[in-house]
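Asks: Quick note on numbering: the working numbering labels position 17 of the first sequence as 17, and the sequence is numbered without any gaps. Every residue gets a Cβ at the ideal spot worked out from N, C-alpha and C, and that includes glycine. Keep in mind the model is a prediction, meaning the values are calculated, not measured.
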Amino acid sequence: MSKGITSKNEDYSQWYNDIVIKADLAEHSSVKGCMVIKPYGYSIWEKMQAVLDQKFKDTGHSNAYFPLFIPKSFFSKEAAHVEGFATECAVVTHYRLKNDGNGNIIVDETAKLEEELIVRPTSETIIWNTFKGWVQSYRDLPLLINQWANVVRWEMRTRLFLRTTEFLWQEGHTAHATSQEAVEETERMLDVYADFAENWMALPVVRGKKTANERFAGALDTYCIEALMQDGKALQAGTSHFLGQNFAKAFDVKFTSKEGKIDHVWASSWGVSTRLIGALIMAHSDDAGLVLPPKLAPIQVVIVPIYKSDAALENISNFVDKLMPKLKALGISVKYDDRDTQRPGFKFAEYELKGVPVRVAIGARDMENQTVELARRDTREKQTVSQDGLEIHIAQLLNEIQENIYNKAETFRDEHITEANSYEEFQALLDGKTGFIAAHWDGTTETELKIKEETKATIRCIPLNNKQEEGICIYSGKPSTQRVLFARAY
RNA sequence: CGGGGUGUAGCGUAGCCCGGUAUCGCGCCACAUUUGGGAUGUGGAGGUCGUAGGUUCGAAUCCUGCCACCCCGACCA
Numbered sequence: 001m002s003k004g005i006t007s008k009n010e011d012y013s014q015w016y017n018d019i020v021i022k023a024d025l026a027e028h029s030s031v032k033g034c035m036v037i038k039p040y041g042y043s044i045w046e047k048m049q050a051v052l053d054q055k056f057k058d059t060g061h062s063n064a065y066f067p068l069f070i071p072k073s074f075f076s077k078e079a080a081h082v083e084g085f086a087t088e089c090a091v092v093t094h095y096r097l098k099n100d101g102n103g104n105i106i107v108d109e110t111a112k113l114e115e116e117l118i119v120r121p122t123s124e125t126i127i128w129n130t131f132k133g134w135v136q137s138y139r140d141l142p143l144l145i146n147q148w149a150n151v152v153r154w155e156m157r158t159r160l161f162l163r164t165t166e167f168l169w170q171e172g173h174t175a176h177a178t179s180q181e182a183v184e185e186t187e188r189m190l191d192v193y194a195d196f197a198e199n200w201m202a203l204p205v206v207r208g209k210k211t212a213n214e215r216f217a218g219a220l221d222t223y224c225i226e227a228l229m230q231d232g233k234a235l236q237a238g239t240s241h242f243l244g245q246n247f248a249k250a251f252d253v254k255f256t257s258k259e260g261k262i263d264h265v266w267a268s269s270w271g272v273s274t275r276l277i278g279a280l281i282m283a284h285s286d287d288a289g290l291v292l293p294p295k296l297a298p299i300q301v302v303i304v305p306i307y308k309s310d311a312a313l314e315n316i317s318n319f320v321d322k323l324m325p326k327l328k329a330l331g332i333s334v335k336y337d338d339r340d341t342q343r344p345g346f347k348f349a350e351y352e353l354k355g356v357p358v359r360v361a362i363g364a365r366d367m368e369n370q371t372v373e374l375a376r377r378d379t380r381e382k383q384t385v386s387q388d389g390l391e392i393h394i395a396q397l398l399n400e401i402q403e404n405i406y407n408k409a410e411t412f413r414d415e416h417i418t419e420a421n422s423y424e425e426f427q428a429l430l431d432g433k434t435g436f437i438a439a440h441w442d443g444t445t446e447t448e449l450k451i452k453e454e455t456k457a458t459i460r461c462i463p464l465n466n467k468q469e470e471g472i473c474i475y476s477g478k479p480s481t482q483r484v485l486f487a488r489a490y
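(1) Going by C-alpha to C-alpha distance, which of A420, V334, A288, M35 sits closest to F348?
(2) In whole angstroms, what is the alpha-carbon distance linking K467 and R483?
(3) In whole angstroms, give me the CA-to-CA distance for T418 and I437.
(4) Going straight from the alpha carbon of L144 to that of A237, what length do you get?
(5) Quick one: residues in its chain with C-beta nearer than 6 Å to the C-beta of L323, no 5 flanking neighbours on either side, listed in chain order?
(6) Look at K47 and L296 and say whether their C-beta atoms are less than 8 Å apart.
(7) Could you give the residue range of the beta strand (DSSP E) that holds Y492?
(8) What residue range is occupied by the uninterrupted alpha helix (DSSP H) comprising N407?
(9) In terms of alpha-carbon separation, which member of K382, V206, L449 lies closest to H416?
(10) Is it buried or exposed, F346, if we count other Cβ atoms within 10 angstroms and call 16 or more buried?
(11) According to the Cβ coordinates, are V272 and Y223 closer than 8 Å?
(12) Considering just the uninterrupted stretch of the alpha helix (DSSP H) at H81, what are its terminal residues?
(13) Which class does N465 belong to by DSSP, given the choice of helix, strand or coil?
(14) I need the straight-line Cα distance from A64 to T411, nearest angstrom please.
(15) Return helix, strand or coil for F426, following the three-state DSSP convention.
(16) For a quick check, are the C-beta atoms of V183 and F251 less than 8 Å apart?
(17) Is DSSP giving H176 helix, strand or coil here?
(18) DSSP three-state call for Q482: helix, strand or coil?
(19) Are the segment 300-311 and the segment 355-364 touching, with three or more C-beta to C-beta distances below 8 Å?
(20) What three-state label does DSSP hand A312 in the structure shown?
(21) Measure the alpha-carbon distance for Q54 versus A279 and round it to whole angstroms.
(22) Are at least three pairs of beta-carbons, each pair with one atom in the segment 117-137 and one in the segment 244-262, less than 8 Å apart?
(23) For M497, count neighbouring C-beta atoms within 10 Å of its own C-beta (all shown protein chains included) and say buried if the count is 16 or more, exposed if not.
(24) Going by beta-carbon coordinates alone, are T485 and C461 separated by less than 8 Å?
(25) Assuming the contact rule is C-beta atoms closer than 8 Å, W45 and L168 should be a hit. Round their C-beta distance to whole Å, please.
(26) Does the count of Cβ pairs from the segment 435-449 and the segment 471-480 closer than 8 Å reach three?
(27) Quick check on this structure: which residue in L390, N369, A202, H28 has the alpha carbon closest to the alpha carbon of I281?
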């Protein structure tokens with residue numbers, strides 16, 4: 001059926017790569033580990049940005065932009081932070097090239113930087129260095145800043161969208177007068193992410209906290225949303241960190257309270273990246289290609305005319321010219337593909353591959369009967385409907401698709417949260433059913449690492465509002481008060 | 001950084017062992033017939049065979065160095 005897409009069941013990883021390439025989302029660049037995000041893929045990112053950006057503004061944040069380069073000394077100021085990122089930093093050491101006399105361009109060794117610059121893997125340090133100058137009084141708080149940026153993490157292995165050397169993201173950085181406010185902010189932004197994932201991406205997520213071992217370098221607490229992909233592996237879709245006073249202390253950011261006391265401010269940081277596009281692909285798509293939730297689809301409706309003569313095309317086009325404004329008035333993005341260079345069957349396949357939620361096909365027969373053929377991408381069902389009130393019908397269908405995609409993913413997710421009560425059971429689940437495994441854990445990093453070493457499964461999170469129950473750790477047999485979610489992860 | 005691959009037209013490839021400047025498919029261009037699920041025919045364009053050396057009368061092919069990318073592992077969002 002679908003040309004050139006490996007079946008999901010045959011090779012999930014290859015299926016994913018095929019979709020990214022064939023749906024024209026991105027391609028490998030000539031730069032190792034870096035991708036080119038192509039226009040269609042980028043427009044999905046733009047849609048995500050637009051929604052998230054509005055949500056950030058609605059919660060009081062302002063956008064700003066900080067430098068790509070961070071002086072090495074800044075990094076050294078927060079011990080856990082530098083340790084966490086040290087192994088994956090690109091470093092700028094020189095600022096000039098020269099011709100070596102043989103026609104080769106080489107680094108000019110005389111142009112060595114006094115202090116090396118780190119290409120930001122995240123911006124806490126440069127931002128907190130800057131915040132020092134922005135905060136003096138409680139009146140300056142809370143400071144709620146977001147930036148849209150690229151970052152670089154020198155990963156050893158990369159995968160399109162899921163892990164690339166350079167990627168795009170947003171990072172929020174906030175400063176507060178009290179610990180409680182900073183924690184509330186951390187939780188608020190986690191909710192923003194969860195809401196975005198569930199209501200826009202149609203991606204059900206588990207809200208939770210990371211274990212000490214999985215925590216962000218420099219944070220006191222890391223919250224996350226975890227999603228489940230169709231192959232049963234988990235993917236972290238967003239994180240929000242309570243940073244305590246770690247960075248405020250490292251960069252000496254203090255404020256005077258109403259009572260005249262001087263104290264370090266409290267901080268949060270939070271981010272989501274282009275990795276979300278990877279999540280979107282892996283959560284919903286099928287062997288025919290990408291499946292996009294209508295709310296994030298760059299093109300929500302495509303109209304394909306089927307005609308034999310110019311007169312027939314003109315007839316259809318006249319109808320479409322009246323339909324398109326009605327759809328646009330309802331906020332629906334629509335494309336009329338009247339290219340004469342491709343045949344209808346080709347277009348059908350192409351838009352399915354690209355995940356366009358609704359296809360409208362109109363031929364001579366439809367024009368006679370005052371109908372159109374509607375095809376929905378999620379179920380691949382087709383129906384013939386009246387041209388009368390079509391825009392309303394389509395708007396409803398888009399909502400229905402959004403809902404259906406979510407429900408399908410939710411059912412899958414719920415069916416793939418399984419309790420394990422022994423290590424044998426745990427291992428059998430990992431190798432068989434996969435998905436999240438809810439199991440008792442003794443709370444030690446030692447046990448967590450042992451399990452990871454032996455099974456490659458990690459603790460994805462301790463769900464928020466987790467049910468408390470007595471039990472014993474599946475690995476050590478020590479007492480435990482709650483189950484945590486394990487999974488193999490991306 | 002270890003292990004494994006690959007580099008030949010825009011893409012995917014054959015040829016390499018056994019040296020004689022290159023195969024096939026897709027795509028592209030033109031024209032015609034087509035158009036309700038990835039059209040067909042005819043004609044055509046397109047290549048410093050990753051790169052630098054070496055061996056040879058002659059190198060995609062043999063030898064050496066280099067570069068790049070992909071996959072698997074350790075690391076990670």
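Replies: Answer, in terms of the structure:
(1) As a first step, residue 348 must be located in the first sequence, where it is residue number 348. When only C-alpha atoms are compared, the closest one is A288.
(2) Numbered from 1 along the first sequence, position 467 holds the residue referred to as residue 467. Numbered from 1 along the first sequence, position 483 holds the residue referred to as residue 483. So the alpha carbons of these two residues sit roughly 8 Å apart.
(3) On the first sequence, position 418 is the one that residue 418 refers to. On the first sequence, position 437 is the one that residue 437 refers to. Approximately 5 Å, taken between the alpha carbons.
(4) Here the question's residue 144 lines up with position 144 in the first sequence. Here the question's residue 237 lines up with position 237 in the first sequence. Approximately 22 Å, taken between the alpha carbons.
(5) Along the first sequence, read from residue 1 onward, the residue named residue 323 stands at position 323. The answer is none, since no qualifying residue turns up.
(6) Taking the first residue of the first sequence as position 1, residue 47 is located at position 47. Taking the first residue of the first sequence as position 1, residue 296 is located at position 296. In this structure, L296 lies closer than 8 Å to K47 by Cβ.
(7) Outside the displayed span of the chain (1 to 490) sits residue 492, for which this structure offers no information.
(8) Locating residue 407 in the first sequence gives position 407, where the first residue counts as 1. Run containing N407: 390-415, per the alpha helix (DSSP H) assignment.
(9) Residue mapping note: residue 416 aligns to position 416 of the first sequence, counting from 1. Closest option to H416, Cα to Cα, is V206.
(10) Translated into the one-based positions of the first sequence, residue 346 becomes position 346. So F346 counts as exposed.
(11) Locating residue 272 in the first sequence gives position 272, counting from the first residue. Locating residue 223 in the first sequence gives position 223, counting from the first residue. It is not a contact, given that the beta carbons lie outside the stated cut-off.
(12) The count along the first sequence starts at 1 and reaches residue 81 at position 81. Run containing H81: 79-85, per the alpha helix (DSSP H) assignment.
(13) As a first step, residue 465 is located in the first sequence; it is residue number 465 there, counting from the start. The answer is coil: DSSP assigns N465 none of H, G, I, E or B.
(14) Within the first sequence, the letter at position 64 stands for residue 64. Within the first sequence, the letter at position 411 stands for residue 411. Rounded to the nearest angstrom, the two C-alpha atoms are 40 Å apart.
(15) Residue numbering aside, residue 426 sits at position 426 when the first sequence is read from its first letter. In this structure, F426 counts as helix in the three-state DSSP scheme.
(16) Within the first sequence, the letter at position 183 stands for residue 183. Within the first sequence, the letter at position 251 stands for residue 251. Not closer than 8 Å, so no.
(17) Numbered from its first residue, the first sequence carries residue 176 at position 176. Here H176 sits in strand by DSSP.
(18) Position 482 of the first sequence holds residue 482. If DSSP states are grouped into helix, strand and coil, Q482 belongs with the strands.
(19) yes
(20) Against the first sequence, residue 312 aligns to sequence position 312. Note: A312 maps to helix in three-state DSSP.
(21) Counting from 1 along the first sequence, the entry for residue 54 is found at position 54. Counting from 1 along the first sequence, the entry for residue 279 is found at position 279. Cα-Cα distance, rounded: 21 Å.
(22) yes
(23) Outside the shown range of the chain, which is 1 to 490, sits residue 497, and nothing can be said about it.
(24) As a first step, residue 485 must be located in the first sequence, where it is residue number 485. As a first step, residue 461 must be located in the first sequence, where it is residue number 461. A small fix is needed here, since residue 485 is Leu in this sequence, not Thr. Against a cut-off of 8 Å, the Cβ pair of C461 and L485 comes out as a contact.
(25) Taking the first sequence and counting its residues from 1, one reaches residue 45 at position 45. Taking the first sequence and counting its residues from 1, one reaches residue 168 at position 168. Rounded, the Cβ-Cβ distance is 7 Å, consistent with contact.
(26) yes
(27) Translated into positions along the first sequence, residue 281 becomes position 281. The shortest C-alpha separation from I281 is found at A202.
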